[in-house]
Amino acid sequence: MKSHVKAVVIGGGVVGCSVLYHLARAGWTDIMLIERSELTSGSSWHAAGGFHTLNGDPNVAKLQAYTVQLYKELEEISGQSCSLHLTGGVMMADTPERMDFLRLAHAKGRYLGMDTELITPSEAKAMFPLMDETNFVGAMWDPVEGHLDPSGTTIAYSKAAKKLGAEIVLRNPVRELTQQPDGTWNVITQQGVVHAEHVVNCGGLWAREIGRMVGVELPVLAMEHMYLLTEPMPEVEAFNRETGREMVGVLDFKGEIYTRQERNGILLGTYEKACKPWSPVNTPWDFGHELLPPDLDRIAPSLEIGFKHFPGIEKAGIKQIINGPFTFAPDGNPLVGPVQGLTNFWVACGVMAGFSQGGGVGLALSNWMVNGDPGFDVWGMDVARWGEWASLRYTNAKVRENYSRRFSIRFPNEELPAARPAQTTPLYDVMVAQNAVMGDSWGLETPLWFAPKGTEPKDIVSFHRSNDFGQVGAEVRAVREKVGVTEIANFAKYEVSGSGSEDFLNRLMTNRMPKKGRIVLTPMLNEFGKLIGDFTIARAGDERFMIFGSSAAQKYHMRWFEKHLPKDGSVRIHRFDQTLVGLSIAGPKAQALLQKLVDEDVSTKAFKFMDFREMAVGGAPAMVNRVTYTGDLGYEIWMQPAYQRLVYAAIKAAGQEFGIVDFGMRALLSMRLEKNFPTWFRELRPIYGPFEGAMDRFIRLEKNDFVGRDAAAKEKADGPKLRRVSLIVDALDADVMGDEPIWAKVNGKDFGAVGKTHDFGAPRFDATGKPVRGSTAATGASAVRGIHDGEWSVVGWVTSGGYAHFVEKSLAQGYVPAELAENESEGMFEIEILGHRRPARINVQPLFDPAGEKMRG
Ligand SMILES: Cc1cc2nc3c(=O)[nH]c(=O)nc-3n(C[C@H](O)[C@H](O)[C@H](O)COP(=O)(O)OP(=O)(O)OC[C@H]3O[C@@H](n4cnc5c(N)ncnc54)[C@H](O)[C@@H]3O)c2cc1C
2 MKSHVKAVVI
12 GGGVVGCSVL
22 YHLARAGWTD
32 IMLIERSELT
42 SGSSWHAAGG
52 FHTLNGDPNV
62 AKLQAYTVQL
72 YKELEEISGQ
82 SCSLHLTGGV
92 MMADTPERMD
102 FLRLAHAKGR
112 YLGMDTELIT
122 PSEAKAMFPL
132 MDETNFVGAM
142 WDPVEGHLDP
152 SGTTIAYSKA
162 AKKLGAEIVL
172 RNPVRELTQQ
182 PDGTWNVITQ
192 QGVVHAEHVV
202 NCGGLWAREI
212 GRMVGVELPV
222 LAMEHMYLLT
232 EPMPEVEAFN
242 RETGREMVGV
252 LDFKGEIYTR
262 QERNGILLGT
272 YEKACKPWSP
282 VNTPWDFGHE
292 LLPPDLDRIA
302 PSLEIGFKHF
312 PGIEKAGIKQ
322 IINGPFTFAP
332 DGNPLVGPVQ
342 GLTNFWVACG
352 VMAGFSQGGG
362 VGLALSNWMV
372 NGDPGFDVWG
382 MDVARWGEWA
392 SLRYTNAKVR
402 ENYSRRFSIR
412 FPNEELPAAR
422 PAQTTPLYDV
432 MVAQNAVMGD
442 SWGLETPLWF
452 APKGTEPKDI
462 VSFHRSNDFG
472 QVGAEVRAVR
482 EKVGVTEIAN
492 FAKYEVSGSG
502 SEDFLNRLMT
512 NRMPKKGRIV
522 LTPMLNEFGK
532 LIGDFTIARA
542 GDERFMIFGS
552 SAAQKYHMRW
562 FEKHLPKDGS
572 VRIHRFDQTL
582 VGLSIAGPKA
592 QALLQKLVDE
602 DVSTKAFKFM
612 DFREMAVGGA
622 PAMVNRVTYT
632 GDLGYEIWMQ
642 PAYQRLVYAA
652 IKAAGQEFGI
662 VDFGMRALLS
672 MRLEKNFPTW
682 FRELRPIYGP
692 FEGAMDRFIR
702 LEKNDFVGRD
712 AAAKEKADGP
722 KLRRVSLIVD
732 ALDADVMGDE
742 PIWAKVNGKD
752 FGAVGKTHDF
762 GAPRFDATGK
772 PVRGSTAATG
782 ASAVRGIHDG
792 EWSVVGWVTS
802 GGYAHFVEKS
812 LAQGYVPAEL
822 AENESEGMFE
832 IEILGHRRPA
842 RINVQPLFDP
852 AGEKMRG
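Counted from 1, the sequence shown has number 14 at position 13 by the numbering used here; the numbering is strictly sequential.
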């Protein structure tokens, strides 16, 4: 065993072996995988081996597609068979709602380059004759599904990595991890100490324990999972003989069942409602190649439906029941990336579908470690998406909820109840008493809308407009016509201070830093010139800046800030989280209202648009930004939590004479739509350049050499390929939700690079570390494959949208090829909503206050 390596990967399951292979492929060959026992000694050996491409997050779906494509390469390099069976699969819908869900997934697939097809139950039965098709209303066919041999595949990764020079040490538990002052690690194992620059936690069932070695409680929990294998079935053999094909995989949402052919019989697994965590607090170190006792009673309700839906299976004898544990994060997606607050400590764990996702996880993590960037949009699996509130107990409740809902539809307006409330502001009970329908915003309870008095404050979940529609409309109109107040505690807030703070921010941000008492809006880019942040920055003092951003990105952004902090201590950064809360007032009467709450002049002359001032509001010390996301005249008021009730009460009392209303997040988001304002993680993501994102006026290429400047300058010089646009949609009773394809009447025109997908070659970098043009790191954005229908082609995708209540229009934002972005012609675009293509028209200028006169006051 070597005593010094560049990186140690802990854990020899499918994920660890994939990370090892990808690191070696990216050129890091001085690396070592350390495995406690033999390879596949966690979940990997007893997996059902199924793989598929579909995922609710299109970016994760792309990485799943990469994983499936990789297996051929892996077999060739390693000489080890993965026993790949690319059978294809069908997803069965038993209700119109589930069919809507499949239509949505199919529409998404159009811009991901997936060849899914909506088919009838009879067509599905022809591929899997053991079903009773009368139980279903429709189905979706996906050709990129199948199964493989889990152990063979893990070994194939390990052999391929070894061929490239990586070392694998077996039967050697890692017992301790200690960090050196220079940020490197001593990995203390049974066989001795290995010094490594980087450590990767791929501990699977023990990932939590390895996290604890470095003082981190990772949000992962193992669940018991069962599948059964039948005796050989004559029906299966007959089908194979007659068609020359294997039966396809089937996913039955109602039965919470997946099933497929395994040898001459059937494999059938369930995600039962009565699910059971395994080792909820500590994973025993002596657990290895063992199975858990089967518990048929637990899965009986699923089996009952399963046998009704697939009567052909009921007759078969059960040969074996497998019950094994595997881990989940609270939302079911992996935890990948560097852990904020620790240097050179990486995770790739919580991977619940190692054979669909392991390859993509390995690729993204190796890119990240070797090149400093994952090369794709991996937010959906970034470990930074969880905050401190994702504790052991939170994770337990959420993982159980997620497991039991694995095959349930999540509606766009659906808030899930488990582990709530986690964090609350001092106004929580006040809001609840006012009939607020609360939502979870990065672990914080936030008012979404206010239900009429006397009604239950509850969303009726739907893909269509629902019971909040009238109320949200009323809130919007009240703000636009009078004044409204809303909670904004769910923003991220940071303070950057010290003598180096201005230089630091000028180096990270694309815009110039403001003068004292002023505010700027500014994106932040990575080295590849892609958008990794969008902030409001106020200068509170000569060497003090307040930064406001996306709540969900707090850890993601802190990780970036910390990475770039100067070593000389000249910059300090503080994340407030819920130690600073806020209220926003907006509407034509907002200025008059604020004037009643303060003892100084806040007229437009004295306190202009984009001014910042520290002042007492309603008697409480506060910081005030003269800006709001409503795009109206308005203010953001920030205070310590202890003052929030005082300020709120003062606002409500003083606002009576102006007819003040409370409004929630839904009204806020509706108002931003009619201003064409983008949102972080929807319109603005690390796959888009700043000019693609239409952020031109915040990009000061001339100011200094900020991170991403050269790439941004090149994007500008070459002209962006894509462009963010806003569209007016002729919607029926359903507005866009995000991820719908945008069609255009372009008579088969091909949009070049925009029309290319599944380009998963490893990103290439030149000697200076810059991405090579045309490689995946350089192109970044997901891309539309050539999907045509006569004169019409899919040219782009929706990022978000909804109903803009004040202008009374259904609006969408999304990306289209730049050359189409200013084409406002009628009849040029259509957006596919729930399977129906609805006419849409680009509107370049915001529909509300296009000249921005109202917000300037
Ligand atoms: C019944 C069942 C069916 C499944 N079906 C499917 C399926 O059809 N498709 C699919 O994609 N996925 C399936 N899965 C899930 C799949 O098994 C997991 O996604 C995958 O195995 C996770 O791999 P991993 O490498 O992250 O973890 P693991 O396989 O748990 O590997 C972790 C490794 O780390 C080692 N380790 C831990 N701590 C240390 C230490 N301190 N020192 C050294 N080594 C250490 C362990 O010994 C182990 O070998 C199934 C799982 C189960 C249980």
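Just so you know, even glycine gets a beta-carbon here, dropped at the ideal spot from N, CA and C.
No experiment lies behind these values; they were computed from the predicted model shown.
Assuming K531 contacts I688 (C-beta within less than 8 Å), just tell me the rounded distance between them.
Here residue 531 refers to the residue found at position 530 when the sequence shown is read from its first residue. Here residue 688 refers to the residue found at position 687 when the sequence shown is read from its first residue. At roughly 7 Å, the Cβ-Cβ gap stays under 8 Å, so K531 and I688 are in contact.
Suppose the cutoff is 6 Å on Cβ atoms and the five residues either side in sequence are ignored; what does the same chain contact list for N677 look like?
Counting from 1 along the sequence shown, the entry for residue 677 is found at position 676. Once the five neighbours on either side are set aside, the close Cβ partners of N677 are S727 and P847.
For G89, which residues in the same chain have their Cβ closer than 6 Å to its Cβ, ignoring the five residues on either side in sequence?
Here residue 89 refers to the residue found at position 88 when the sequence shown is read from its first residue. Cβ within range, chain order: P144, E146 and V249.
Please name the residue, chosen from G359, F699 and E247, that lies closest to Y67 on a Cα-to-Cα basis.
Taking the first residue of the sequence shown as 1, we reach residue 67 at position 66. Each of G359, F699 and E247 was checked against the Cα of Y67, and the nearest Cα belongs to G359.
Answer with buried or exposed for N705, where buried requires no fewer than 16 other C-beta atoms within 10 angstroms of its C-beta.
Counted from its first residue, the sequence shown places residue 705 at position 704. By the neighbour-count rule (16 or more Cβ atoms within 10 Å), N705 is not buried but exposed.
On a CA-only basis, which of G694, A718, L297 and G363 is nearest S159? Give me that one, please.
Taking the first residue of the sequence shown as position 1, residue 159 is located at position 158. Considering only alpha carbons, the answer is G363.
Within the same chain, show all residues whose beta-carbon is closer than 7 Å to that of C276, passing over the 5 residues directly before and after it, in chain order.
One-based indexing of the sequence shown puts residue 276 at position 275. The answer, listed in chain order, is M224, R401, Y404 and S405.
E503 lies in the alpha helix (DSSP H); which residues open and close that run?
Residue mapping note: residue 503 aligns to position 502 of the sequence shown, counting from 1. In the DSSP assignment, E503 falls within the alpha helix (DSSP H) that extends over S502 to L509.
Exposure of K722, with buried meaning 16 or more beta-carbon neighbours within 10 Å:
Translated into positions along the sequence shown, residue 722 becomes position 721. It counts as buried.
Endpoints, beta strand (DSSP E) assigned at S42:
Taking the sequence shown and counting its residues from 1, one reaches residue 42 at position 41. Unbroken run through S42: none, as it is neither H nor E.
Any non-hydrogen atom of ligand 1 closer than 7 Å to S38 Cβ
As a position in the sequence shown, residue 38 is number 37, starting the count at 1. True, at least one ligand heavy atom lies under 7 Å from that Cβ.
Of the listed residues I461, K454 and G485, nearest to E416 (C-alpha basis):
Taking the sequence shown and counting its residues from 1, one reaches residue 416 at position 415. The residue with the shortest Cα to Cα distance from E416 is I461.
Please report how far the alpha carbon of D1 lies from the alpha carbon of A94, in whole angstroms.
Shown here, the chain extends from 2 to 858; a query on residue 1 therefore has no answer.
Quick check on the DSSP output: what are the complete beta strand (DSSP E) runs of length 3 or more inside the region 431-468, in order along the chain?
List check, beta strand (DSSP E) in window: 437-442 and 445-451.
Taking H465 as the reference, which of S801, D736, P97 and I78 has the closest Cα?
On the sequence shown, position 464 is the one that residue 465 refers to. Nearest C-alpha to H465: D736.
Output the distance between the C-alpha atoms of K483 and D663, rounded to the nearest integer angstrom.
Taking the sequence shown and counting its residues from 1, the one referred to as residue 483 is at position 482. Taking the sequence shown and counting its residues from 1, the one referred to as residue 663 is at position 662. Distance between the alpha carbons of K483 and D663 is about 12 Å.
Would you identify the three-state DSSP class for V282, choosing helix, strand or coil?
For the purposes of this step, residue 282 is taken as the residue at position 281 of the sequence shown. Collapsing the DSSP output to three states places V282 in coil.
With distances taken from CA atoms, which of T121, I35 and T154 is nearest Q81?
Residue 81 sits at position 80 when you count from the first residue of the sequence shown. Of T121, I35 and T154, the residue nearest in Cα terms is T154.
Looking at R519 and M611, is the spacing between their C-beta atoms short of 8 Å?
Translated into positions along the sequence shown, residue 611 becomes position 610. Translated into positions along the sequence shown, residue 519 becomes position 518. Yes. Within cutoff.
Compare the Cα-Cα distances from E825 to each of P339, V730, H789 and E792 and report the closest residue.
Taking the first residue of the sequence shown as 1, we reach residue 825 at position 824. Across the set P339, V730, H789 and E792, the C-alpha of V730 shows the shortest separation from the C-alpha of E825.
How would you label P515, buried or exposed, when you count the other beta carbons within 10 angstroms and need 16 or more for buried?
Numbered from its first residue, the sequence shown carries residue 515 at position 514. Answer is buried; the Cβ neighbour count reaches 16.
For ligand 1, is there any heavy atom lying closer than 7 Å to the beta carbon of V9?
One-based indexing of the sequence shown puts residue 9 at position 8. V9 Cβ: outside cutoff for every heavy atom of ligand 1.
On the DSSP letters alone, give me the boundaries of the beta strand (DSSP E) that I319 sits inside.
Here residue 319 refers to the residue found at position 318 when the sequence shown is read from its first residue. Going by DSSP, I319 is part of the beta strand (DSSP E) stretching over I319 to F329.
Hey, would you say the C-beta of M865 is under 7 Å away from at least one heavy atom of ligand 1?
What the structure shows of the chain is the stretch from 2 to 858, and residue 865 is not part of that stretch, so it cannot be assessed.
Could you check whether the Cβ of V16 sits closer than 7 Å to any heavy atom belonging to ligand 1?
Taking the first residue of the sequence shown as 1, we reach residue 16 at position 15. Yes, the Cβ of V16 comes within 7 Å of a heavy atom of ligand 1.
Would you call the CB atoms of L171 and A25 closer than 8 Å?
For the purposes of this step, residue 171 is identified with residue 170 of the sequence shown, where counting begins at 1. For the purposes of this step, residue 25 is identified with residue 24 of the sequence shown, where counting begins at 1. Not closer than 8 Å, so no.
Check S776 in the structure and name its three-state DSSP category.
To locate residue 776, count along the sequence shown from 1; it is residue 775. Any reading at S776 must be qualified, since the residue scores a pLDDT of 35, below 50, and its modelled position is unreliable; no value is offered.
On a CA-only basis, which of E273, M141, G325 and N265 is nearest L293? Give me that one, please.
Here residue 293 corresponds to residue number 292 of the sequence shown, with the count starting at 1. It is G325.
Quick check: does the Cβ of C83 come within less than 7 Å of any heavy atom belonging to ligand 1?
Here residue 83 refers to the residue found at position 82 when the sequence shown is read from its first residue. Flag unset: Cβ of C83 not near ligand 1.
Pairwise C-alpha distance: L733 and T523
For the purposes of this step, residue 523 is taken as residue 522 along the sequence shown, with counting starting at 1. For the purposes of this step, residue 733 is taken as residue 732 along the sequence shown, with counting starting at 1. Annotation: T523 to L733 spans about 36 Å, alpha carbon to alpha carbon.
Extent of the continuous beta strand (DSSP E) run through L812:
Working through the sequence shown from its first residue, we reach residue 812 at position 811. Unbroken beta strand (DSSP E) run through L812: K810 to P818.
Where does the unbroken beta strand (DSSP E) through T487 begin, and where does it stop?
For the purposes of this step, residue 487 is identified with residue 486 of the sequence shown, where counting begins at 1. That run of the beta strand (DSSP E) goes G485 to E488.
From R710 to T511, what distance separates their C-alpha atoms?
For the purposes of this step, residue 710 is identified with residue 709 of the sequence shown, where counting begins at 1. For the purposes of this step, residue 511 is identified with residue 510 of the sequence shown, where counting begins at 1. A direct Cα-to-Cα measurement between R710 and T511 gives close to 8 Å.
Suppose contacts are defined by Cβ-Cβ distances below 8 Å. Is H86 in contact with L149 by that definition?
As a working note, residue 86 is residue 85 in the sequence shown. As a working note, residue 149 is residue 148 in the sequence shown. Cβ atoms of H86 and L149: closer than 8 Å.
Taking 7 Å as the cut-off, is the C-beta of M353 nearer than that to any heavy atom in ligand 1?
Working through the sequence shown from its first residue, we reach residue 353 at position 352. Yes, since a heavy atom of ligand 1 falls inside the 7 Å radius drawn around the Cβ of M353.
Would the C-beta of W207 count as close to ligand 1, meaning under 7 Å from any of its heavy atoms?
To locate residue 207, count along the sequence shown from 1; it is residue 206. The beta carbon of W207 sits closer than 7 Å to at least one heavy atom of ligand 1.
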